[in-house]
Amino acid sequence: MFYAPYVTVEEPFVKGAPIFDMIDGNVYWVDSAYGGNQRGTFSSPMTTIDGAVNLCSAGNNDHIFVKAGHAESISTATALNLDIADVAIIGLGNGTDRPTVTLDTANTTTIPVTAANILVKNIIFNANFLNIAALFSLTTAKHFALVECQFKPAGASLNFVDIVDTNTTDNAADGLAIARCNWVDSATGSGSLVDSDADIDGLTALDNYVNLGVNGVLSAVAEVPAGKDTTNINVQRNTITRLVTASAVQVITWADTTTTNTGLCADNELRTLDTAGELVTTAGSNVSFYNNKSSSVAGAGGYLLPAADS
Amino acid sequence: MSISSYPSGFRGGALIKETALYDTIDGNVYWVDSGSGGAGNSGQFLSPVATIDQAINKCTNNNNDIIYIKAGHAETIADATSLVADIAGVTIIGLGRGTSRPTLTFSAAASSIPVSAANVTFQNFVMTANFADVAAAFTPTGKNLTVSDVVFNNGGTNLNWVNLAAVATTDNNADGLTFSRCHFFEIDTAVEAVADIDVDIDGLTIEDCYVDLGINGVLSSLVEVAAGKDTTNIDLRANYVSRLVTASAVQLITWVDTTTTNTGIAAWNRSRTLDIAGELLATAGSNTHFANNLSTSAIDKSGYSLPTADS
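In order, the protein sequence lines correspond to chains A and B.
In this text, residue positions in the first sequence follow our numbering: the first is 429, and each later residue adds one.
In this text, residue positions in the second sequence follow our numbering: the first is 764, and each later residue adds one.
Right under this line is the structure:
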């Protein structure tokens, strides 16, 4: 029996039910198929997520439900702004019925996140342009959470580079969490789930399925620039495939490890083609490792990486 | 936006858009909001009280009442009497995510929440130590206190927790004490452990917690048990514990003596230390059952099975 630590996924449970279902703020609805007067109610929903976000109040713990089958396109870096704190955006529906948000027109198209405590759940995000630099661009946005979302290309040579790109202000993206998401993209322009450009505390990636094309030796979960700390990192139970043939750093790369890093990387299942020098993270990172299994051989089970302490 | 109120619930169920919904809360519900609440309010959603204690005082023993704390609520705990959980069966649930979760700030070394009633739950809070050496967030003398999804942090340098729960006085009064899915960050060297146990206790549970503490001698991160005290049916599972003790590390739980009757399990824990020679998970000879615990004291090494496997 293994308990699933949900402590940083931003949706604690009580008696088996997520407590965000107990809503103390206002509730607004979104449905692109609606053609009438938009008021944000169930029967008169807004037609865009941004329209609903604009109805919310910061600090009010408002919830936006996006109806199954909803579809909208985002063509600029200003069309959808997640700029109201404490809003939860929850898609309804299963499989291809889930709401779909398609980013197109330019590789600078993005969804800015400029407020704290925003949750996005159960939405499909389509990349419909080559090398869209970042699906989400975080400015001052602590505790941003992506849960049960799918990130995918609309077709060949249409891809996201990174899913979340933080800005350069230290600790502005603390508590960033990505859980139970799926990102499959064979494009060689694919980057990482997180491009972290600043110190960050509490970065969490749990139970994600990530299968990316080879882009140099970029890591699948995060890339961290020189001189930046990642404290209390929590990366567990992800399945990651990236068929790098040499110098693979499969989960996280730090440009230097002279910084103060803490946290754990555990129970991840990793696949590469590097048979000699594969790593889970950059050497010397100070992160604690437990039971990560890596394989670079077809038909062979993963082996413990890094090797066990004694 | 208007909202309908069904103060008596719909105990037989209701059809909403042809979906049967059942009212599963058999007790009363009260609301707390420091922003819009008042001591004289009814405690209803549109008339919340201002403090958790005011809401508790509206509850009824063993009625399975629920108190919802609105997102953004903030409250200061200045002593050990202003918030007292003295009504049995009350569940206190904070709403909101990240920094909008309700925040309780402990502003004196003796600030604490006494829990004198049984079956009380606190869920989804941020609890902040804002004074040097705050002795304990909770002082339970009631059975089955559950604390889940709570972040314990501090207000700055030299403002710190010592313990999260201090259990004293009477054997078995605090049986069933549980910490679940909590975060405990405290680098101060006065920090001791999640639970300071000075009595016999049954069913102490700490699971799925992330604990990163400063070094205080060789104190264990999860539990310290006083001499002559039994811990039966202890359940320590799936915690991450980091404390960079360099020698004689006992990472999860210390018993001052193990001549007592201990039972239970420590499993699926991951721990980090700097002790490369004598590290233990628990005091030797404790009679606890160990399974699948991994420990490391080296950079770039995976945790190894500790203690070594039976055969």
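All C-beta atoms, glycine included, are put in the ideal place defined by N, C-alpha and C.
A Cβ-Cβ separation of about 4 Å places Ala1029/B in contact with Leu999/B under the 8 Å criterion.
Less than 8 Å divides the Cβ of Glu651/A from the Cβ of Gly619/A. Boundaries of the beta strand (DSSP E) harbouring Val458/A: 455 to 458, taken from the DSSP string. A distance below 7 Å between beta-carbons, with the five flanking residues on each side excluded, links Ala507/A to the following residues of its chain, in chain order: Asp478. Note: Trp794/B is bridge-paired with Tyr831/B in the DSSP secondary-structure output. A straight line joining the alpha-carbon of Gln466/A with that of Ala496/A spans about 18 Å.
Within the stretch 827 to 904 of chain B, the complete beta strand (DSSP E) segments at least 3 residues long are 829 to 832, 837 to 840, 854 to 857, 866 to 869, 876 to 878, 884 to 886, 889 to 892, 897 to 903, listed from N- to C-terminus.
Selection Ile815/B, Ser984/B, Gly798/B evaluated against Phe885/B yields Ile815/B as nearest (Cα-Cα). The alpha-carbon separation between Thr1036/B and Lys821/B amounts to approximately 46 Å. In chain B, no part has a C-beta under 8 Å from the C-beta of Gly583/A; the shortest such distance is about 35 Å. Annotation: Cβ neighbours of Met450/A in chain B (cutoff 8 Å, chain order): Tyr831, Ile856, Leu858. Cβ-Cβ distances below 7 Å link Ala929/B to Ala898, Ala899, Thr902, Asp959 in the same chain, with the five nearest sequence neighbours on each side left out; the list follows chain order. The residues Phe773, Gly776, Ala777, Leu778, in chain order, have a CB closer than 8 Å to that of Leu784/B in the same chain once the five nearest residues on each side in sequence are set aside.
Val708/A has no beta-bridge partner at all, per DSSP.
Comparing C-alpha distances from Asp737/A to each of Tyr731/A, Ala728/A, Phe717/A, Asp629/A shows the shortest one belongs to Phe717/A. Distances from the alpha-carbon of Gln678/A to those of Arg526/A, Leu707/A, Asp490/A put Leu707/A closest. By DSSP's assignment, Asn610/A forms a beta bridge with Gln578/A, Tyr637/A.
Per DSSP, Asp959/B is one residue of the beta strand (DSSP E) stretching across 956 to 960. Counting every other CB atom within 10 Å of its CB across the protein chains shown gives Glu838/B a total of 16 or more, marking it as buried. Inter-residue distance for Gly453/A and Gly859/B is about 9 Å (C-alpha atoms, whole angstroms). With its beta carbon at least 8 Å from every one in chain A, Thr1051/B lies outside the interface. Residue-level contact by beta carbon holds for Leu1057/B and chain A, with a gap shorter than 8 Å. In the structure shown, Thr596/A falls within a coil segment according to DSSP collapsed to helix, strand and coil.
Residues of chain B whose Cβ lies closer than 8 Å to the Cβ of Leu547/A are, in chain order, Arg860. For the C-beta of Lys570/A, the chain B residues within less than 9 Å are, from N- to C-terminus, Gly861, Thr862. Close CB contacts of Ala505/A within its chain, under the 7 Å cut and outside five residues either way in sequence, are with Thr536, Thr537, Thr538, Pro540 (chain order). Going by DSSP, Ala513/A is part of no beta strand (DSSP E) at all; its letter is neither H nor E. Counting C-beta pairs with one atom in each stretch, the stretch 561 to 570 of chain A and the stretch 868 to 886 of chain B have fewer than three that are closer than 8 Å, which means they do not touch. A straight-line Cα-Cα distance of about 50 Å links Asn893/B and Gly729/A. Contact between Asp602/A and Asp623/A does not hold, since the beta-carbon distance rounds to 16 Å and is not under 8 Å. As summarised for the stretch 959 to 1031 of chain B, the continuous beta strand (DSSP E) elements at least 3 residues long and confined to that stretch are 968 to 970, 973 to 976, 986 to 988, 997 to 1000, 1003 to 1005, 1013 to 1018, 1027 to 1030, given in chain order.
Sixteen is the threshold: when 16 or more other Cβ atoms of the shown chains lie within 10 Å of the Cβ of Gly835/B, as they do, the residue is buried. Counting C-beta pairs with one atom in each stretch, the stretch 573 to 585 of chain A and the stretch 604 to 612 of chain A have three or more that are closer than 8 Å, which means they touch. For Ile492/A, the uninterrupted beta strand (DSSP E) run begins and ends at 491 to 494, by DSSP. For Arg1035/B, DSSP records a beta bridge to Ser1005/B, Thr1059/B. The beta carbon of Thr687/A sits closer than 7 Å to the beta carbons of Gly655, Lys656, Asp657 from its chain, once the five residues preceding and following it are set aside; these are given in chain order.
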